[in-house]
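Under the numbering used here, the first residue of the sequence shown carries the number 25, and numbering increases by one thereafter. Glycine included, C-beta positions come from ideal geometry on N, C-alpha and C.
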Amino acid sequence: MRELTGAQVADSLGGLVSEVDRAALTGEFAEALADSFRRSVSTGIAGWRDDDLAFGRPWGFEPKSLRVPVAIWHGAKDRMVPFQHGRWLAANVNGAEGRLLEDEGHLSLLNRGDRIIEDLVELGTALT
25 MRELTGAQVA
35 DSLGGLVSEV
45 DRAALTGEFA
55 EALADSFRRS
65 VSTGIAGWRD
75 DDLAFGRPWG
85 FEPKSLRVPV
95 AIWHGAKDRM
105 VPFQHGRWLA
115 ANVNGAEGRL
125 LEDEGHLSLL
135 NRGDRIIEDL
145 VELGTALT
């Protein structure tokens, strides 16, 4: 990981990358992700390990207790996080708006970045 290049990102993720995600992993996006991966392990893997361990531990709050606007963006072709988890969050976060997309994966959602930003602005406006 410490010397990963953009051209190597998809292969380094192996089976975690669906075809739609592999198609998204090109050019500047692949280089930015490789840079992010390199930085994430630059001082060791403790942070990465802790992030993975958090998946199986209590979060310290119940999702139904959230009282702010939330949009859940999740792609059905995501091989990194089960689509059922996105469905569960959309059903269990109070007032969440599910953006559960059949044709997207984990990384390919960034192709919808403009719409995600619009969502953030709309949700933020609802707070004021």
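The region 95–115 and the region 65–75 do not touch, with fewer than 3 CB-CB distances between them shorter than 8 Å.
With the rule of 3 Cβ pairs closer than 8 Å, the region 75–92 counts as touching the region 113–125. For E121, no alpha helix (DSSP H) encloses it; the enclosing beta strand (DSSP E) starts and ends at 121–125.
The residues W97, G99, in chain order, have a CB closer than 6 Å to that of L133 in the same chain once the five nearest residues on each side in sequence are set aside. Judged by DSSP secondary structure, A100 falls outside any alpha helix (DSSP H); it is assigned neither H nor E. F107 and T67 have their C-alpha atoms spaced approximately 32 Å apart.
Minimum Cα-Cα distance from G30 among the listed residues V41, D59, D45 corresponds to D59. For L131 and S64, the gap between their C-alpha atoms comes out near 17 Å. Annotation for H109: the continuous alpha helix (DSSP H) segment containing it runs 107–116.
With respect to the 8 Å criterion, R62 and M25 are classified as neighbours on the basis of their beta carbons. CA-CA distance, A34 to A56, rounds to 13 Å. Taking the Cα of L40 as reference, the smallest distance to any Cα among G84, L28, G129 is reached at G129.
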